[in-house]
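Numbered per numbering that gives the first Met the number 0, the sequence shown spans residues 0 to 161.
Heads up, the thing below is written out as structure tokens.
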Amino acid sequence: MSIVLIVSSDFNCSNSHIIIKPLHEYWGLDSNDKLKYIQINYKDQTNYVLTAYEIVCTNKFYKKIEITDFVEKIVCGDLKLVCSDSRIVEDSKIEWKFKDFPKSKIIIFDHYSRENMDNNLIINTIQEILFSKKWSKDILTEKDILEAIELAISEHKINVAD
Numbered sequence: 000m001s002i003v004l005i006v007s008s009d010f011n012c013s014n015s016h017i018i019i020k021p022l023h024e025y026w027g028l029d030s031n032d033k034l035k036y037i038q039i040n041y042k043d044q045t046n047y048v049l050t051a052y053e054i055v056c057t058n059k060f061y062k063k064i065e066i067t068d069f070v071e072k073i074v075c076g077d078l079k080l081v082c083s084d085s086r087i088v089e090d091s092k093i094e095w096k097f098k099d100f101p102k103s104k105i106i107i108f109d110h111y112s113r114e115n116m117d118n119n120l121i122i123n124t125i126q127e128i129l130f131s132k133k134w135s136k137d138i139l140t141e142k143d144i145l146e147a148i149e150l151a152i153s154e155h156k157i158n159v160a161d
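Below you can see the structure in the form of structure tokens.
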């Protein structure tokens, strides 16, 4: 089984890393500094293939337009997910430049277990661990992220065993 994590930066966390969760909406910047409102979903009900849609307002209704090659755009740095709070984006977007943001990363973490693992619970636990680490650090490292993943899965295995 795989857990897909998109690790990005957030205005609210002083460019610290955040975990982007599928089935949620986020603000992003493309390579032309164009602000986009993006919804990320799992494709075809699998838990490891992601698709994304830009949500645009046209003639008083909302339309979802699929972002082609979403994963490739994240990996290449052509699309960065930067904020989950629209008020912060609207107030700050002029001051922020595309080049100032760290590249978003996609981490696919494979875990093999006979237990019934709840990926959403694991992702929420990873996010909680990273936010608690944020209190003592300014920028979270790759090692911090990987440790949070391992700890969350270990914690979930212990809870399942109980």
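For each residue, glycine too, the CB sits at the ideal point set by N, CA and C.
It should be emphasised that the depicted structure is a prediction, and the values quoted were computed from it without experimental measurement.
- Cβ-based burial, residue 103 [other Cβ within 10 Å; buried from 16]: buried
- Message: Let's see if you can read the secondary structure: which residues bound the beta strand (DSSP E) around residue 57?
- Response: 49-57
- Query: Under a Cβ-count criterion, where at least 16 other Cβ atoms within 10 Å of its own Cβ denotes burial, should residue 155 be classed as buried or exposed?
  - Reply: buried
- Item | Three-state class that DSSP yields for residue 28 in the structure shown | strand
- Which first and last residues belong to the beta strand (DSSP E) in which residue 34 is found? 34-41
- Message: Using CA atoms only, rank isn't needed, just tell me which of 51, 118, 125 is closest to residue 146.
- Response: 125
- Under 8 Å between C-beta atoms of residue 73 and residue 37: no
- Per-residue burial, residue 60 [other beta carbons within 10 Å of its own, 16 or more giving buried]: exposed
- Using the beta-carbon count (16 or more within 10 Å), is residue 164 buried or exposed? It is not possible to answer for residue 164, since the shown part of the chain is limited to 0 through 161.
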